[in-house]
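Participant: Just so you know, the protein sequences line up as chains A and B, in that order.
Just so we're aligned: the first sequence equals residues 1 to 396 in the UniProt record's numbering.
Just so we're aligned: the second sequence equals residues 1 to 472 in the UniProt record's numbering.
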Amino acid sequence: MPSSISPSKARRHEIHGTHEGALPPGLRKTASDRPGQAQPVPTRDIPAQPWAKMGIAVFLAVALMVSLWEYQARTAIGLRPGDIGDSPQAWAEARRAADHATVAIIGDSRILFDTDQQRFQALTGVRPVQVSHVGTNARMLLDGFADDPNFRGLLIVGLADTMYFGMPVMGLGQTAVDNYSKNGKPSQLSGLWLDRQLQRFLAFMDNEYRLSRMVNEVDTGWRKGVDSPYEDVWKISVTYPGRQYVMWDRIETDPYLRAHARHAWDGFKGKPIPPPLANAVIARSAEAIRRIRARGGDVIFVRPPSAPPIRVNEEQRIAKARGWDALLVGTRAAGIHADDLAQAQKLNLPEWSHLSGKCATVFTDAYVRRLVQLSPRLHLRADAPPPLTRADCVSL
Amino acid sequence: MIFNSLTFIVFFAVVLAMHNAPFSWHQKKINLMIASYLFYAAWNPPFVILLWVSTVVDWWAAQWMVRAKREHTRRVWMLISVVVNLGMLGYFKYGGFLMDNFVSVASSIGIVYQPPKWDIILPVGISFYTFATLSYTLDVYLRRSAPAGSFLNYALFVTFFPHLVAGPIMRPTELVPQFETPRRAHSNQIFFGLALLTLGMFQKVVLADGFLGPVVESVYDAHGSVPGMLDSWVATLAFAGQIFCDFAGYSTSAIGVALCLGFAMPDNFRFPYGAVGFSDFWRRWHITLSSWLRDYLYIPLGGNKHGPARTYAALMGTMLLGGLWHGANWTFVVWGGLHGLYLSVERWLKTRFKGFTPGRVTLLALAALTFVLVNVTWVFFRAKTFGGAALVLKGMSGLAVKPEPLIPAGPMIIALAIVGAIFGTHVAMRNTTLEAVLERTPALVLGSAWAVLLFAVIIEQGQGNAFIYFAF
């Protein structure tokens, strides 16, 4: 029996079968009303409404509302199409690519924001694979690469001292790492691809500005003693293909958002990291590096800059001599500290922890020029662009 | 593949176009079956083999059951079907659980056993399609229905993608006959189906994932923190809303998707939080599972035909196994056990106060009491350990020592408003259907509401989290 039916206002319509009796008007029987028997083909009512007309009207209305929302997202919020965002699936994609990469970068958000992959490639001819993850302990990621028999390239380990030495867990990257092996399923790959295609054209598709996030962020600390949404990190970055993070320009231009971001970092305050813990971290790092080198790979540490209000707290928790310097000695690995790069001094860190987009290019330029001196695996291209200075943070 | 993903939108558009293209009905059914296998394989391709095994074994078991001349042979074929289906379910879903418990029991009597690491992935939907195919052979065995006349129709029943991974758990007699004749949805059915899909996605993406999930997590996943009375209750109420919106959202979407293709699927929820008493609750919550357990477990265990003691034992047994069906964890067994206890107490009270007829206020009070007691059971459903459940229950009863606030005020207010609205709606609509209410609503109001829900789904942009019930 064909299921097509014609609408009528006189009677509710059913896709199949007829209503059975013994229930109040408006109700239909379900399996719970028919114990111990084979269940018949279900009844499915179609309410007498002009569904087709209504559907077309809804489609047009939603198209209009989404267009207005997109306009609002671009003009009032400052979101941009092409900001494709990040996800555990995107991280897994990068992690898979890193297996056979010449250069891979791991670390937390500082090396993620502060490395301009295009500049890296312009200087060396090699585009690094960005495997860093925000809020994540680089040491745990280093362990992962040490366990990976495929990786034989150069691993750049970006670190924020207090996270690398003081954080006993992986942090926000844990979910991505845990789901790494599960994140290559056909539905996930197709979903990632479709998502990126849409985000190239639609600015409002930003995880940080979805409905529930915006609504919850209205609460700026109404209940005492509990971390409100104001304590969380809000949008601070724009992400381009290749997991190229760049600081969102509104952090540089909007005092409220900038102040909030600074508040969220809480100055990187905390208790001093005890020497036994720091020594254990160094020993474990040395072992991981030994295993990578045994396969033909190598590791170089990079310490991006942090602004004085944060740096003072970082030094109190683990001083450079006790952390960074001891790490290089203990692991016998090369390292590049922002303090030691003349061209990378007094760069602009709007929210104190990450460089502005343009300054990130300057910092990348400075650390890659040092990198090629430390690693025989990379060479400065003959047609490499001239060095950048702090002044270029404005003019780039 | 999940309904709230961009991949599904593209997939569904293609399926809908193919279903309305000028192919023969036979070809359309083959298209639907291929689409269903793609839908499943998009998650984990090798597990399609399990679907095939389940389909082929049950098809032949039913065929041989009908051809068998002796009762003994019929029973053997029924048992083969049960053993193969429950064997697969047991291996993939309960293997690790059984091994852990064996190790615990062994160590308690002094035997140290170090088992090999159990690293088996749970195939998505195995609990659902196992029960669906089992009902086929059991109905044939119980002579409730004849076997399907066509292998294609039966195989399509097993794999039909709208119900494949999270139900509603369909019986073959509900769906196989629908494949026997050509089906194509009228435009009203397609648009109403899309409206249902929108409603389901709104429940899942906006309410469950967007607003309620984080409130639940802030208490249930706050390791080391002690929640107080307010936080424990709000988080548990939020979970009541989240699990309903998640699962009813899936069921509503599945019904809408099937409707767009011209197929009818049964109701799986009937405003369960408006239930007065627990037998009423289970006639409204996850109807296709509760009726399955009633028909294939409770009644065979004796049901209510062999005296009160047997009835109570059958009730408890059914609910304990029903709890275990939800997951390989003792907390689910306790959840089921609590519901079994509630049902038993209610049954006893009904025999004790036979002539009692509640008025409207009493009914509302009883509905509220039912809702509160159901919330107590949700604690065991959501908490991953008994320690975690005890922490929340202590909070709910006001016995927490040095509790700390965990839920921010804004999300708390929103969660309470959503759950209050869900409870109020369920109480108000307990004696009607969504369709009856929609029919009475002016088209302008209905269209506006539909547009707002769809817009909310779009700007919430689901993160593609799987439905909670996928894990079961």
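C-beta atoms are modelled at their ideal positions from N, C-alpha and C, and glycine is treated no differently.
In chain B, what lies closer than 9 Å to A:V218 by C-beta?
Facilitator: Under the 9 Å cutoff, chain B gives G410.
Participant: For A:I289, which of helix, strand or coil comes out of DSSP?
Facilitator: It is helical.
Participant: Can you name the start and end residues of the alpha helix (DSSP H) that B:I9 belongs to?
Facilitator: Start and end: 6–19.
Participant: Which of the residues in the region 399–431 of chain B, read from start to end, lie with their CB under 8 Å from any CB of chain A?
Facilitator: Flagged, chain order: E404, P405, L406, I407, P408, A409, G410, P411, M412, I414, N431.
Participant: At what residues does the alpha helix (DSSP H) containing A:F113 begin and finish?
Facilitator: Here the alpha helix (DSSP H) through A:F113 covers 109–114.
Participant: Against chain A, does B:P147 count as a neighbour if the rule is that its beta carbon must be under 8 Å from one of theirs?
Facilitator: No, B:P147 does not count as interfacial toward chain A.
Participant: Taking the CB atoms as reference points, tell me whether A:G85 and A:Q199 lie closer together than 8 Å.
Facilitator: Result yes, Cβ atoms of A:G85 and A:Q199 sit closer than 8 Å.
Participant: Return no unless some Cβ of chain A is closer than 8 Å to the Cβ of B:T55.
Facilitator: No - not a single Cβ of chain A is within 8 Å of the one on B:T55.
Participant: Can you tell me which of the three DSSP states A:P387 falls into?
Facilitator: Reduced to three states, the DSSP call for A:P387 is coil.
Participant: Express the C-alpha separation of A:F204 and A:L68 in angstroms, rounding to a whole number.
Facilitator: One C-alpha to the other measures close to 10 Å.
Participant: Does any C-beta atom of chain B lie closer than 8 Å to the C-beta of A:I46?
Facilitator: Interface residue, yes.
Participant: If you compare alpha carbons, which of B:E460, B:G447, B:Q461 is closest to A:A61?
Facilitator: Closest option to A:A61, Cα to Cα, is B:G447.
Participant: Any beta carbon of chain A sitting closer than 8 Å to that of B:M1?
Facilitator: B:M1 counts as touching chain A.
Participant: Is A:W340 buried or exposed, if buried means 16 or more other CB atoms sit within 10 Å of its CB?
Facilitator: Contrary to the premise, residue 340 of chain A reads as Asp rather than Trp in this sequence. It counts as exposed.
Participant: List the endpoints of the continuous beta strand (DSSP E) containing A:R303.
Facilitator: Segment 298–303, the beta strand (DSSP E) holding A:R303.
Participant: Would you mind sorting B:W348 into buried or exposed? The rule is 16 or more other CB atoms within 10 Å of its CB.
Facilitator: So B:W348 counts as exposed.
Participant: Can you pull the chain B neighbours of A:L380, defined as C-beta to C-beta under 7 Å?
Facilitator: What A:L380 touches in chain B: nothing, since even the nearest Cβ is about 42 Å away.
Participant: Just to confirm the assignment, what range does the beta strand (DSSP E) spanning A:M239 have?
Facilitator: Here the sequence assigns Thr to residue 239 of chain A, which means Met is not the residue at that position. Residues 237–240.
Participant: DSSP on A:V233, reduced to helix/strand/coil?
Facilitator: DSSP places A:V233 in coil when its eight states are reduced to three.
Participant: Express the C-alpha separation of A:L155 and A:A104 in angstroms, rounding to a whole number.
Facilitator: Whole-angstrom Cα-Cα distance: 5 Å.
Participant: What residue range is occupied by the uninterrupted beta strand (DSSP E) comprising A:M247?
Facilitator: Where A:M247 is concerned, the enclosing beta strand (DSSP E) stretches over 244–247.
Participant: So what's A:E217 in DSSP terms, helix, strand or just coil?
Facilitator: Looking at A:E217 - three-state DSSP - the assignment turns out to be coil, as it is neither helix nor strand.
Participant: Whole angstroms is fine: what's the gap from B:G410's alpha carbon to A:E231's?
Facilitator: Rounded to whole angstroms, B:G410 to A:E231 spans 13 Å at the Cα level.
Participant: Cβ of B:Q139 less than 8 Å from any chain A Cβ?
Facilitator: For the sequence presented, residue 139 of chain B should be read as Asp rather than Gln. Yes, its Cβ sits closer than 8 Å to a Cβ of chain A.
Participant: Please report the distance separating the alpha-carbon of A:R110 from that of A:D325.
Facilitator: If I take the Cα positions, the gap works out to 19 Å.
Participant: With a threshold of 16 other CB atoms inside 10 Å of the CB of B:H339, please say whether the residue is buried or exposed.
Facilitator: Burial call: buried.
Participant: With 16 as the cutoff for other CB atoms within 10 Å, does B:K204 come out buried or exposed?
Facilitator: Counting Cβ neighbours within 10 Å, B:K204 comes out buried, since at least 16 surround it.
Participant: Would DSSP call B:T252 helix, strand or coil?
Facilitator: If DSSP states are grouped into helix, strand and coil, B:T252 belongs with the helices.
Participant: Taking the C-alpha atoms as reference points, what is the distance between B:R360 and B:K350?
Facilitator: C-alpha separation (whole angstroms): 18 Å.
Participant: At a CB-CB cut-off below 8 Å, which residues of chain A make contact with B:T433?
Facilitator: Those within 8 Å of B:T433 in chain A are G26, L27, R28, D45.
Participant: Quick check: is the beta carbon of A:S4 nearer than 8 Å to any beta carbon in chain B?
Facilitator: For A:S4, the predicted structure reports a pLDDT of 34, less than 50, and the residue's modelled location is therefore unreliable. A value from the coordinates is still provided. Cβ-Cβ to chain B under 8 Å: yes for A:S4.
Participant: Since A:V337 sits in a beta bridge, which residues does DSSP pair it with?
Facilitator: The amino acid occupying residue 337 of chain A in the given sequence is His; Val does not appear at that position. Note: A:H337 sits in a beta bridge opposite A:R303.
Participant: Quick check: the Cα distance between A:L378 and A:L371, rounded to an integer number of angstroms?
Facilitator: Using only the alpha carbons, I get a separation of about 8 Å.
Participant: Run through chain B and tell me which residues come within less than 7 Å of A:P241, C-beta to C-beta.
Facilitator: Going along chain B, no residue has its Cβ under 7 Å from A:P241, so there is no contact; the nearest lies around 18 Å.
Participant: With respect to the beta strand (DSSP E) encompassing residue 403 of chain A, which residues constitute its N-terminal and C-terminal limits?
Facilitator: Past the edges of chain A, shown from 1 to 396, lies residue 403 of chain A, and the structure says nothing about it.
Participant: For the putative contact between B:W378 and B:I243, defined by C-beta atoms under 8 Å, what is the C-beta separation to the nearest angstrom?
Facilitator: Contact flag correct, Cβ pair sits at about 7 Å.
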